[in-house]
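Mapped onto mature numbering (1 follows the signal peptide of the UniProt record, and there is no 0), the consecutive letters of the sequence shown carry residue numbers -33 to -1, 1 to 1107.
Ideal placement from N, C-alpha and C gives every residue a C-beta, glycine not left out.
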Amino acid sequence: MTHDTLTIGRRGFIAGASAVAAFGQAVAAAAQAAGGPRPGPAPRTVGSISLTGDLHPAHPRLLLHQADIAPLQSLVTTDPIAQDWCSRLRADADQICTEAVSVHEQQDGRSLLPVARTVLDRVRTLGLLFLIDEDASYAQRMWEELEAAAGFPGWEPGNFLATAELLHAFAIGYDWGYDYYTAPQRTMLRTAMVTLGFDEAETQYATPGAWHESLSNWNLVCNSGIGMACLAIGDEVVPQCQALLEETLASLPNGLAAIDADGGYLEGVMYWEYAIRSLTPYLAGLVTAVGSDEGLSSSPGLSETGYFPLYLTGPTGLGFNFYDAVDDARSPHAMHWLAERYSEDVFAWWGEEGARENLSAYHLLWYQPGAAQSPTTLGLARERDFGGLVATTRSAWQDPAAVFTAVKGGTPDAGHRDLDMGAFVLDALGRRWALELGAEAYDVGRYWEDGPGGARWNYYRKRTEGQNTVVFGSGPAEEQVVSATGSVTRVEAAPTEALLVADLSAAATDRGVTSWLRGIRLLSGRRQVLVQDEYTASSATEAWWYLHTRARVDVAPDGQSAVLSHLGQGRVEARILSPSSGARFWVMDARPAWDSPDPWNQDRNLGTIKLGVEVDAATSGTLAVLLTPLRDWESAPAAPVVTPISQWAVEPDPPAALATLTVDGVSVGGFDPEVYTYEVEIPDGVTTVPQVSATGATGHTQVSLTSASALPGTAVVEASRPGSATTRYHVRLAHPPQVPVLGSIIGTNPAEFAIDGWDATFWSAKGDGQWLRLDLGSDQSVDGVSIAWSRGDERVFTFEVEVSSDAQTWTNVLAAQSSGTTLALEDHTFTPTTARYVRIVGFGNSSNDWMSVTEARVLTSSGAWPDSTAITTRLAAVEVTADLAEIELTGSAQVSVSGRMTDGAAADLSGATVTYHSTDTAVLTVDANGQVTPVAPGTAFVAAVVRTTDRWQVWARDAVTVLDPNPPVVAETDGDTTVRGGAYSSANYGGIASMIVMASTAADDVREAMLRFPLTDVTAAAASATVRIYGKVDDPGGSQIDLDMHEIPATWDEATVTWASRPALGSLLGTATVTSSYGWIEVDVTAAVNDALTAGTSAFAVVVRQDPAIGDGLRVSLRSKESMPEEEEVERPELVVQQV
């Protein structure tokens, strides 16, 4: 093999440009650049690597060689960053040495993956410290970890991610500890890799449509784990490793196609991190083991992909976590490899930032001293578009108070996706004001059914109403077209402003929307955010604009403005600029609308609320909402004039700017000419107003100053020059603020929620000993605390109270429990004592180990602190009840509504507006007074929507069934199963949660579904009888096919029947067409059921198949009776018999 080599960096990585570069990458790049569909599986061509001729003969050979160890040992003693990281990793390694080895268990209740990741992290840490310190105890503990994992009964090949992570761990452990192990130990490790990993991998690669052909993170993770292991033992297990290595090289381009040419990743930033942190060790390992990565590192977009997490992370440190993601920004060890490979110093900076909180051994291994350069230093653009999928912009890179926002396009190709086109987030003043809810629990049931009609779209966090975007129309169906694509089409910027525009016209065509543009502008020196939507529709269509937040929200009585606030942390003023009438703000809990699906097991999003704008139905509209972040001392600038998005433009000429800004001759920390507001702390005791000074950026710039008149106060500096816009800088001068409340952790909900005077918010922390500290500002006589607990009417909270005068030495004054009967403040008194600080220490509650404080007060000799009269309550919930849950077709029912306040008190609804609704007017109607009138047999929800004078909207609903005087008999299957031909003809699949039907010319792939229905409840002849089965085409090869249904004898047992023992095929009962959208497949079987009843049989059975004459059919997935637990309503197979 020959190499085109490029030597890079300290350890001389070599990047090849060989065969894999031709694996369809040019096609991928062209398709992505044109906005067209992403390519299918790449041609299964292989590279030119030969393990017998190219593999580095010695160990270590993965990621480093023996010659690299001495320089690394020197680095960790001479470079401060490397020294710190090594010390932290050594402490981790020492801790691992005290812990038990990993065991085979499903820690998350779903898979072995958490254990596999623990094994990998331990092996990396122990292995690298063994190489650096040459301490055999680390190698011994690494061996013990690997020995335990080698003894697992399996590596869970059904979830091959776990298998891949363990192969990665074993590859590193084997390679880095090679000289420490004995020959029998090495044999044990190789055997585990082969039997628990490689043999299963061969099966995976032989399965069409599996992860190796996909765009998902699975492709990169699984291929990389397999490839790493092949490189580790390729000279000892040659034929199998050679074959598997070639499989990885042929498959990886499929996964790499998920990276856009601009560096964006289809599945979002969290799965980008997972995929890239797995891929980069393999690419690096190929270079160190065989001298070339076969051109994989030259794949389109890979050189740019380090920008993806960088740009998607706001100044709060939170990422834009669209899709199934958490908002914890990820800066993986891969950033260092990307920095070295592509000479991008800002990637190294981001890697170093990530190592502060999430250090791994690979951070240290790939660290480049002096390489890191911040985005501010490099003058990095503040906005970026990632292939139309998402674009972001910000007011500054390293200002923690900066404004940050983003807008989301969308593509049907993405795994883990939401119906979220148009979604945005907003950071400002160090807080996230508009947030993404992220993932639902993965085990809620049918979560991965993401095609049209899929159950994924029943979950609030995946629906459009659970996003910060616009919902057109109403009802339970998907609010956006599942197969639609939306794209960011414009990204423009100037020093004081920026704009992002997305064309989302295809998103809601199912709801009559014919065009939709969403634009986001940063205005007024990038201090204000304008979110503007322009749309047209084929008929008058109502719209709702949504923003999810954990802030307090107060809406003005006229509904035209709202204020989002965090106590002591500023506010965001929201104003409707357009339309001038017909739109109004409401605030509500983050939950489904009254007519939306509401699965019983989905997250209730406690602590998050939703600001909404209701827009009257129209055939076109421009909705413009201005969001202005303001510090407590700031007032809002003038609102902009609303203009069409097509006329938006940025000012091309730069404004006048400052070169320097000082306070009493000292440069203002973090000064940036393009950041226009600063807060400077003046030491306590200083009463003289400091002098603010500034100089212009050019000789033609004039600077004028208006000094602060007192402390606290604000100095205003104006920079101007002929022909340019004047720029105004604000410098706030104030003494250090008192921090009245502090939590033991900085969690999702800030500590100030516990004293914000609003019982709709709360602060929480998990684990015994977590605490909330209240600072009175000076020593006072205290004699108790008053605490309201979240869910305090359901749970008993255990806690202690400690007091201190210096926040250093604490005295315990109380051990107590809440009553568990109220949401209101409860007093807990103790002997009067003098203290400045009061600390509430939690020890969980009667249900779990969380402490969740809604409001806390300190009882002092002069009254409660803070003032307890400031607590604001609001309508928390309503209950709707009908006087009859079941009513005759000729009857009626009356709906009643009651409410509960957030403090648990009964609500007075006399001033509220209540409207009544039916979820199915074909079943029943409800008039304005809550009178229910039956229409036809069936079940529908009766809903009551309550709107209060403080502009909260709360709803509830109750099911009402209209009885059928002659109801059909609905018989669910008492047996259903798939049978499979060929080599699987003796296998039973009776307990599987779905059934598969497929015709094929390959006997092994033929599948049929058998179903049996009891007839014991059918007591008369059938006027009609229909078999109903829920399913869809689940095959990349097509979207529609016919299914044939035949009668068969009902004498089989689902627990034992197989293809070989299946009963003889009876007559054809009917044919039904199934598509790629989930739906009911129905066949009329009236005559056959009547024949069975006449014959006196107790059951009726059918087989569903595809006509073998078609040759190769399509895979169809059908629900079975095992699809979900009995307590959840799902679409199980049924025989519906209407008796004569």
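Between the CA atoms of residue j and residue i - distance to the nearest angstrom
i, j, result
"Arg(-24)", "Arg398", "For Arg(-24), the predicted model reports a pLDDT of 30, less than 50, meaning its position is unreliable and no value from the coordinates is stated."
"Phe137", "Arg351", "39 Å"
"Ala(-3)", "Asp227", "Only weak support is given to the placement of Ala(-3): the predicted model assigns it a pLDDT of 32, under 50, and the value that follows is read from those uncertain coordinates. Distance between the alpha carbons of Ala(-3) and Asp227: 10 Å."
"Trp561", "Thr882", "11 Å"
"Glu132", "Trp553", "47 Å"
"Leu994", "Ser183", "Sequence check: residue 994 is Val here, not Leu. Their Cα atoms are separated by approximately 37 Å."
"Asn325", "Arg77", "25 Å"
"Val985", "Thr848", "34 Å"
"Gly192", "Tyr105", "23 Å"
"Ala1059", "Ser1065", "8 Å"
"Ala989", "Val1104", "6 Å"
"Phe(-11)", "Ala217", "Low confidence applies here, because Phe(-11) scores a pLDDT of 29, under 50, leaving its location unreliable and the question unanswered by this model."
"Trp364", "Arg349", "7 Å"
"Gly222", "Gly949", "32 Å"
"Glu601", "Pro607", "18 Å"
"Ser362", "Ile612", "21 Å"
"Pro1003", "Pro175", "10 Å"
"Leu1036", "Arg918", "58 Å"
For residue i, the nearest candidate out of the options (CA to CA)
i, options, result
"Leu22", "Val254, Pro981, Pro124 and Pro248", "Val254"
"Trp122", "Glu111, His135 and Thr840", "His135"
"Leu98", "Asp35, Pro704 and Gly76", "Asp35"
"Ile200", "Pro27, Tyr426 and Thr174", "Pro27"
"Lys999", "Gly418, Asn288, Leu277 and Leu182", "Gly418"
"Pro619", "Ser676, Pro462, Gly751 and Leu497", "Pro462"
"Glu446", "Trp511, Pro336, Ala129 and Pro934", "Trp511"
"Ala475", "Glu464, Leu489, Gln737 and Gly440", "Gly440"
"Ser259", "Leu1010, Tyr249 and Ala591", "Tyr249"
"residue 1117", "Leu128, Tyr141, Phe127 and Val749", "The requested residue 1117 is not part of the displayed model; the chain covers only -33 to 1107."
"Val1050", "Ala1022, Ser1044 and Tyr997", "Tyr997"
"Gln527", "Arg493, Ile576, Leu590 and Thr575", "Leu590"
"Ser1028", "Thr945, Leu1035, Thr1053 and Leu1010", "Thr945"
Residue i - containing alpha helix (DSSP H), residue span
i, result
"Thr90", "Looking at the sequence itself, residue 90 is Val, so the reference to Thr does not match. Start and end: Leu80 to Asp100."
"Thr170", "Asp166 to Tyr172"
"Asp59", "Pro47 to Cys64"
"Asn815", "Where Asn815 is concerned, there is no enclosing alpha helix (DSSP H), given that its DSSP letter is neither H nor E."
"Ala210", "Val205 to Leu223"
Secondary structure of residue i, DSSP reduced to three states
i, result
"Ala322", "helix"
"Tyr238", "helix"
"Ile649", "coil"
"Arg740", "strand"
"Phe391", "strand"
"Thr668", "coil"
"Asp477", "helix"
"Ile243", "helix"
"Gly453", "strand"
"Ile754", "strand"
"Ala616", "coil"
"Phe353", "strand"
"Arg5", "Confidence at Arg5 is low in this model, with a pLDDT of 36, below 50, so its placement is unreliable and the value that follows should be read with caution. Of the three classes helix, strand and coil, the one that applies to Arg5 here is coil, per DSSP."
Enclosing beta strand (DSSP E) for residue i [first to last residue]
i, result
"Gly942", "Gly942 to Arg947"
"Gly809", "Glu793 to Asn812"
"Trp553", "Ala550 to Asp556"
"Val864", "Ala860 to Met868"
Cutoff 8 Å: residue i Cβ touching any chain C Cβ
i, result
"Arg695", "Absent from the structure: chain C. Only one protein chain is present."
field: Meets three-Cβ-pair contact criterion under 8 Å: the region 818 to 837 and the region 776 to 784
entry: With fewer than three CB-CB distances shorter than 8 Å, the region 818 to 837 does not count as touching the region 776 to 784.
- request: Report yes or no: do three or more beta-carbon pairs, one from the region 498 to 512 and one from the region 478 to 487, lie closer than 8 Å?
  value: Yes, the region 498 to 512 touches the region 478 to 487.
- request: Count the C-beta pairs between the region 369 to 376 and the region 331 to 346 that are closer than 8 Å, then say yes if the count reaches three, no if not.
  value: Below 8 Å, too few C-beta pairs join the region 369 to 376 and the region 331 to 346 to call them touching: fewer than three.
- prompt: Just checking, does the region 285 to 294 make contact with the region 312 to 332 on the three C-beta pairs under 8 Å criterion?
  reply: They do not touch, by the three-pair rule.
message: With three or more beta-carbon pairs closer than 8 Å as the criterion, would you say the region 648 to 658 touches the region 670 to 681?
response: Cβ pair count under 8 Å is three or more, so yes.
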